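> Right, I'll just put the structure down here and ask away after.
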Amino acid sequence: MTIYDIAKELGVSPTTVSQALNGNTRVAAKTRARVTEFAMHNGFRRSEQARNFRLKRTFNIAIVVYNIDNDFWCGFVKAVEDALGEEYNVLLCNTEGNPEKEKKIFLNLMQRNVDGVIVQPASDEKKHFTDMVRNSIPVVLLEETEEPELSFVKGNDHLAAYRSTKVCIEQGYRKIAFLSIPPDCVGGREWIRGFKQAVAEEDCTGEVLYVKETTCEEVEKVFLPRVGEFPLVFCDTHLICMLLRVLFTHHVRIPEDLSLIAWSNKYFLSYMTPSISIISIPVEEIGRRAAGIILRNLNGEPHVEKTFIDETLILRESFQPSAGSPPAGVSGQ
Numbered sequence: 083m084t085i086y087d088i089a090k091e092l093g094v095s096p097t098t099v100s101q102a103l104n105g106n107t108r109v110a111a112k113t114r115a116r117v118t119e120f121a122m123h124n125g126f127r128r129s130e131q132a133r134n135f136r137l138k139r140t141f142n143i144a145i146v147v148y149n150i151d152n153d154f155w156c157g158f159v160k161a162v163e164d165a166l167g168e169e170y171n172v173l174l175c176n177t178e179g180n181p182e183k184e185k186k187i188f189l190n191l192m193q194r195n196v197d198g199v200i201v202q203p204a205s206d207e208k209k210h211f212t213d214m215v216r217n218s219i220p221v222v223l224l225e226e227t228e229e230p231e232l233s234f235v236k237g238n239d240h241l242a243a244y245r246s247t248k249v250c251i252e253q254g255y256r257k258i259a260f261l262s263i264p265p266d267c268v269g270g271r272e273w274i275r276g277f278k279q280a281v282a283e284e285d286c287t288g289e290v291l292y293v294k295e296t297t298c299e300e301v302e303k304v305f306l307p308r309v310g311e312f313p314l315v316f317c318d319t320h321l322i323c324m325l326l327r328v329l330f331t332h333h334v335r336i337p338e339d340l341s342l343i344a345w346s347n348k349y350f351l352s353y354m355t356p357s358i359s360i361i362s363i364p365v366e367e368i369g370r371r372a373a374g375i376i377l378r379n380l381n382g383e384p385h386v387e388k389t390f391i392d393e394t395l396i397l398r399e400s401f402q403p404s405a406g407s408p409p410a411g412v413s414g415q
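Heads up, the sequence shown is in the working numbering, so the first residue is 83 and it goes up one at a time.
Shown next as structure tokens:
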């Protein structure tokens, strides 16, 4: 059964059949339904390979991530899929933070002729990204870049860290810790830069405590001996579960002994007792914006977009103003 067979049986042109099967609204709804029903009833299958060859597209978009274990990606991938629509397939690739593996993945994706790539970079090297763009494959980074050929969309980590730290200082905190994995990616560096800028401007004590392995044992070794020094700690998303376990195990009370703010979107943090304050990353919005950049480049003239999206401080029960300070002015959720 071919398009020509359907056209002959229904007394319409092959072009009309093709347009009807593609859902083209220029074909009357009644005719579209008639063609589709006949095609399904007679076991007609379109050759997607031939269609893709004609359109010079594969309808595959790749998402290349730094660490697939991070639950950030669940909401992100869904947002990208929803924004792209049913016509596109999403391929998910994991670099495990390995720059060499990232390069191999990009070479493979180029050979497979993917239509576009959204990537969280594993290093500062960008040549394999620009090579792909020069081969007419749009690439959107999830980290800031000054490369003129590369688009990016991301949360404004520096500004969020700076503003959130300022809020805490205004609430009376003069000694603040930031518990973080080593900042291998640009985003991590921007969080720390914003934090350090805020404490320096206010002449406060702010210290970044690096945890090399995401284990309870490592968090305990790094933070527990210092817990009495800092009445407030920021904690990045990779370490928050380990930190909570260590604090509960050693009977450190939140917020009586320690106020806590997580840089995380982990949904369960709002259901804990006490509920955990967060700096919320707009995961779905970042996904929608990244997909939009890809689609605009595929459907029009190639162009570059560089976009920051605000992140939000949400104060919950894990945060209380330091003694003698006014009540916190940021509403919780």
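Yeah, the Cβ is synthetic: ideal placement off N, Cα and C, and Gly gets one too. Bear in mind the structure is a predicted one, so any value in this text is a computation, not a measurement.
Below 8 Å on the Cβ atoms is my guess for Glu-367 versus Ile-336; work out the distance and round it to an integer in Å.
With 8 Å as the limit, Glu-367 and Ile-336 do not qualify as a contact, their Cβ atoms being about 29 Å apart.
> Just to confirm, is the Cβ distance from Glu-211 to Leu-223 under 8 Å?
For the sequence presented, residue 211 should be read as Phe rather than Glu. Closer than 8 Å, so yes.
> DSSP three-state call for Ser-246: helix, strand or coil?
helix
> Cutting at 7 Å between CB atoms, please list the residues of its own chain near Val-309, excluding the five before and the five after it.
Val-334, Leu-340
> Since Cys-317 sits in a beta bridge, which residues does DSSP pair it with?
Leu-261, Ala-344
> Return the bridge partner residues of Glu-169 from the DSSP annotation.
Answer by DSSP bridge pairing: none, since Glu-169 is not bridged.
> Excluding five sequence neighbours on each side, which residues of the same chain lie with their C-beta closer than 7 Å to the C-beta of Glu-311?
Lys-257
> Within this structure, are the beta carbons of Lys-294 and Thr-319 separated by less than 8 Å?
No, the Cβ-Cβ distance between Lys-294 and Thr-319 is not below 8 Å.
> DSSP state of Val-146, grouped into three classes?
DSSP, reduced to helix, strand and coil, places Val-146 within a strand of the structure shown.
> One question on the structure: do Leu-261 and Phe-305 come within less than 8 Å of each other, judged by their Cβ atoms?
yes
> According to DSSP, what are the bridge partners of Gly-198?
Ile-143
> Measure the Cβ-Cβ separation of Arg-370 and Ala-165 and say whether it is below 8 Å.
Yes, the pair counts as a contact, with Cβ atoms nearer than the cut-off.
> Identify the continuous beta strand (DSSP E) that holds Lys-388 and give its terminal residues.
388 to 391
> Drop a sphere of 10 angstroms on the beta-carbon of Met-214, count the other beta-carbons inside from all chains shown, and report buried for 16 or more, exposed for fewer.
Counting Cβ neighbours within 10 Å, Met-214 comes out buried, since at least 16 surround it.
> Look at the alpha carbon of Lys-185 and the alpha carbon of Ser-205, and state the distance between them as a whole number of angstroms.
10 Å
> Could you tell me which of Arg-245, Gly-288, Pro-220, Asn-152 sits nearest to Glu-393, measuring between CA atoms?
Arg-245
> Just the C-alpha distance for Thr-98 and Glu-169, rounded to the nearest angstrom, thanks.
Approximately 20 Å between the Cα atoms of the pair.
> Between the C-alpha atoms of Ser-352 and Asn-152, what's the straight-line distance to the nearest angstrom?
Their Cα atoms are separated by approximately 18 Å.
> Can you give the beta carbon distance from Val-301 to Leu-321, rounded, assuming they're within the 8 Å contact cut?
6 Å
> Assign Tyr-292 to buried or exposed, taking buried as 16 or more other Cβ atoms, counted over all protein chains shown, within 10 Å of its Cβ.
exposed
> State the CB to CB distance for the pair Pro-230 and Val-386, rounded to an integer number of angstroms; the pair is presumed to be in contact (CB under 8 Å).
7 Å
> Classify Cys-286 as helix, strand or coil using the three-state DSSP reduction.
Under the three-state reduction of DSSP, Cys-286 is assigned to coil, being neither helix nor strand.
> Please state whether DSSP places Thr-212 in a helix, a strand or coil.
Thr-212 carries a helical assignment under DSSP once its states are collapsed to helix, strand and coil.
> Could you give the distance in angstroms between the alpha-carbon of Ala-111 and the alpha-carbon of Arg-139?
27 Å
> Whose CA, out of Val-162, Gly-157, Leu-174, Val-117, lies closest to the CA of Ala-144?
Leu-174
> Cα separation between Ala-280 and Ile-361?
The alpha-carbon separation between Ala-280 and Ile-361 amounts to approximately 16 Å.
> When the Cα atoms are used, what is the spatial distance from Val-221 to Tyr-148?
16 Å
> Quick one: grab the DSSP three-state call for Asn-106.
coil
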